[in-house]
Amino acid sequence: MSAPPPAPHIPGLVHIQPLGSGGYADVYLYEQQSPRMNVAVKVLKRDGLTPAIRRQFVEEANTMAALADHPYIVQVFRSEQTPDGGAYLVMKYYPPPNLAVRAKRERFTVEEVLRTGIQLASAVETAHRAGIVHRDIKPANVLVSQYGAPGLTDFGIAGRALAAHEEHDDDVGVSVPWAPPEILYGQSNGDVRSDVYSLAATLWHLLVGRSPFEQPGGDNSAYALMPRIRATPVPPTGRADVPLSLERLLAHGMAKNPAARPQSALEFARGLQAIETEQRLPRTPLVVLDESGDRVAADTGPSAGSAQADDDRTMVRTPQSVSAQSPVPAPSAPAPEAPDVDAPRTISGGVLLAIVGVVIAVLVGALVWAMSSRGGQAADGEASPSPSQVAQSGGGAPILDLPEQPALDGRVEPGSVIFTWNYGGMRTGDFYRMRVAGSEAELADASVQSVPMPHTVPAPSGAMVCAQVAVSRGQGATGPYSAAKCLTVP
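In our numbering, each number is its position in the sequence shown, counted from 1, plus 11.
This is the structure in structure tokens:
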């Protein structure tokens, strides 16, 4: 690759060194003079400049600026167009290497891949809620801050998903090794589910050190990769430390049929969180933009190992907003100084009586609370919901209480298999999504249907029936799929 051309003179910035060169832009490291800090500057190339490329560059600036507040999306400080037709972006500087380079040099742990996947899914979900599809998620487009946080970048071909009757932009390119088959073969210009595919392919790459359908020592040109991506099952990572649940989730995310994938980045992230819980790892929080587009919602679910971690639910809520003129709450009274361990301990009679009075009041209050809790039944006979189920944000937005992963069971009868399942935190109005196939390997590509519980699947004698089920409830909240259950009809 040829060296980038000399860096342009930009007022207020001092050039330090080149950082890299891409298809239509060069990236340089500059030092901003006021306030003094390093920045990355992406400069549009003049060679081969087309109206589509210029439009993509402007779209990238606008898109990244719209998402700049997200902690896992690279921030754009400003964008300028020069009188001679050039243009540049001034962005937050992330020191090298990016995740593609790191994946070649070192072995990512399962914990790090899960954490990175949830953080990136937060960024992707935020973009999707803003109506933006990235369309080029891959390891090279994930930078890493000096504090270890990922930063999703290169929204150059991002855009809004096209309706079925709209024409595709022939000038839009994709990165083949991480792109889904529907984009590679012109069936789609990209949507939420195609980003889910590329995110899953990126995590697979981090675990293995190469893209999912690349064959070491083989022909890995675009023309060789495309048929494999379209027809070859997702290969296992081959790592003994990767749990089967993660292998299944990545295969689910890279299903050939978009309808068989997790239907949102949020759903994919919940699956990753469920694996964290399964592996007894700390829960990585989700940070996503609220549906209104102007408030931030953060996952406040308990971490694995916490005394509160009695289920796998993820709660996404909008925190109370505080205006600049809001009164500052009075500081709490300072805690008393710790007693001198060598000082004599004496308690007066008045103090002792006061302490006894406080203890009695606490015990009476606890007893009253317990009695009222046991007696509190909803009008329809169901138990009153717990505070976590009805809590509201300061702005009145309800918590998105996500279902936990169900445990699937089944029994065989002549001519059929009857599946049942159970899960904690069952709610009135919950419904169920099930996929059924003739083998566990085929489940990721199986169609999804809404079913009652229990659900009977007709099958001939000798047939194997495999199934997975997930719980859905209001506001589009769907929990992770259960582990696969396979039974053979006698």
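For each residue, glycine too, the CB sits at the ideal point set by N, CA and C.
Residue i versus residue j: straight-line alpha-carbon distance, rounded
{"i": "residue 266", "j": "residue 281", "result": "17 Å"}
{"i": "residue 500", "j": "residue 295", "result": "41 Å"}
{"i": "residue 325", "j": "residue 156", "result": "At residue 325 the pLDDT is 36, less than 50, meaning the model places this residue with poor confidence; the figure from the coordinates comes in the next sentence. Roughly 26 Å between the two C-alpha positions."}
{"i": "residue 132", "j": "residue 277", "result": "7 Å"}
{"i": "residue 420", "j": "residue 271", "result": "22 Å"}
{"i": "residue 432", "j": "residue 454", "result": "17 Å"}
{"i": "residue 208", "j": "residue 199", "result": "13 Å"}
{"i": "residue 64", "j": "residue 274", "result": "30 Å"}
{"i": "residue 450", "j": "residue 269", "result": "20 Å"}
{"i": "residue 109", "j": "residue 146", "result": "18 Å"}
{"i": "residue 112", "j": "residue 151", "result": "7 Å"}
{"i": "residue 79", "j": "residue 457", "result": "37 Å"}
{"i": "residue 26", "j": "residue 135", "result": "32 Å"}
{"i": "residue 444", "j": "residue 115", "result": "39 Å"}
{"i": "residue 226", "j": "residue 219", "result": "12 Å"}
{"i": "residue 76", "j": "residue 17", "result": "27 Å"}
{"i": "residue 81", "j": "residue 465", "result": "42 Å"}
{"i": "residue 463", "j": "residue 437", "result": "14 Å"}
{"i": "residue 22", "j": "residue 86", "result": "20 Å"}
{"i": "residue 422", "j": "residue 496", "result": "10 Å"}
{"i": "residue 472", "j": "residue 192", "result": "36 Å"}
{"i": "residue 140", "j": "residue 84", "result": "14 Å"}
{"i": "residue 129", "j": "residue 248", "result": "19 Å"}
{"i": "residue 120", "j": "residue 260", "result": "17 Å"}
{"i": "residue 252", "j": "residue 57", "result": "48 Å"}
{"i": "residue 137", "j": "residue 299", "result": "5 Å"}
{"i": "residue 153", "j": "residue 123", "result": "14 Å"}
Residue from the options whose Cα sits closest to the Cα of residue i
{"i": "residue 41", "options": "51, 47, 424, 468", "result": "51"}
{"i": "residue 416", "options": "285, 145, 17, 478", "result": "285"}
{"i": "residue 503", "options": "64, 264, 443", "result": "The structure shown does not extend to residue 503, since the chain is modelled only from 12 to 501, so the question has no answer here."}
{"i": "residue 233", "options": "272, 76, 190, 251", "result": "190"}
{"i": "residue 93", "options": "137, 20, 122", "result": "20"}
{"i": "residue 36", "options": "45, 22, 72, 27", "result": "72"}
{"i": "residue 62", "options": "47, 111, 98, 260", "result": "98"}
{"i": "residue 291", "options": "125, 250, 479", "result": "125"}
{"i": "residue 435", "options": "474, 418, 422, 293", "result": "418"}
{"i": "residue 106", "options": "141, 139, 159", "result": "159"}
{"i": "residue 424", "options": "201, 414, 474", "result": "474"}
{"i": "residue 491", "options": "414, 428, 471", "result": "414"}
{"i": "residue 164", "options": "250, 104, 141, 259", "result": "104"}
{"i": "residue 250", "options": "428, 118, 47", "result": "118"}
{"i": "residue 70", "options": "58, 228, 91", "result": "91"}
Close beta carbons around residue i, own chain, < 6 Å, minus the five adjacent residues each side
{"i": "residue 101", "result": "50, 52, 88, 89"}
{"i": "residue 127", "result": "161"}
{"i": "residue 24", "result": "41, 43"}
{"i": "residue 489", "result": "278, 481, 483"}
{"i": "residue 68", "result": "55, 98"}
{"i": "residue 459", "result": "444, 446"}
{"i": "residue 257", "result": "286"}
Integer Cβ distance of residue i from residue j, believed to fall under 8 Å
{"i": "residue 498", "j": "residue 476", "result": "6 Å"}
{"i": "residue 287", "j": "residue 254", "result": "That pair is no contact at about 10 Å."}
{"i": "residue 186", "j": "residue 194", "result": "Wrong, their Cβ atoms sit about 10 Å apart, outside the cutoff."}
{"i": "residue 461", "j": "residue 479", "result": "At roughly 14 Å, the Cβ-Cβ gap does not stay under 8 Å, so residue 461 and residue 479 are not in contact."}
{"i": "residue 468", "j": "residue 430", "result": "7 Å"}
{"i": "residue 210", "j": "residue 148", "result": "5 Å"}
Beta-carbon contacts of residue i that lie in its chain and below 8 Å, excluding the five residues immediately before and after
{"i": "residue 224", "result": "188, 236, 239, 240, 243, 246"}
{"i": "residue 427", "result": "467, 468, 469, 470, 500"}
Close-in-space but distant-in-sequence residues of the same chain around residue i (CB under 7 Å, 5 per side omitted)
{"i": "residue 30", "result": "38, 39, 40, 51"}
{"i": "residue 350", "result": "Here residue 350 scores only 37 on pLDDT, less than 50, and its place in the model is too uncertain to base an answer on."}
{"i": "residue 222", "result": "188, 189, 212, 216"}
{"i": "residue 262", "result": "245, 455"}
{"i": "residue 399", "result": "Low local confidence applies: a pLDDT of 33 at residue 399 is under 50, so the model's placement there is unreliable, and no value is given."}
{"i": "residue 452", "result": "244"}
{"i": "residue 228", "result": "none"}
Bounding residues of the beta strand (DSSP E) (the contiguous stretch that carries residue i)
{"i": "residue 431", "result": "427 to 433"}
{"i": "residue 43", "result": "36 to 44"}
{"i": "residue 54", "result": "47 to 55"}
{"i": "residue 103", "result": "98 to 103"}
{"i": "residue 480", "result": "475 to 484"}
{"i": "residue 161", "result": "161 to 163"}
{"i": "residue 445", "result": "442 to 448"}
N-terminal and C-terminal residue of the alpha helix (DSSP H) that residue i is part of
{"i": "residue 27", "result": "No alpha helix (DSSP H) contains residue 27, which is instead part of the beta strand (DSSP E) from 24 to 32."}
{"i": "residue 75", "result": "62 to 77"}
{"i": "residue 206", "result": "203 to 219"}
{"i": "residue 115", "result": "110 to 116"}
{"i": "residue 124", "result": "121 to 140"}
{"i": "residue 537", "result": "An answer regarding residue 537 cannot be provided, because it is not within the stretch 12 to 501 covered by the chain."}
{"i": "residue 263", "result": "255 to 264"}
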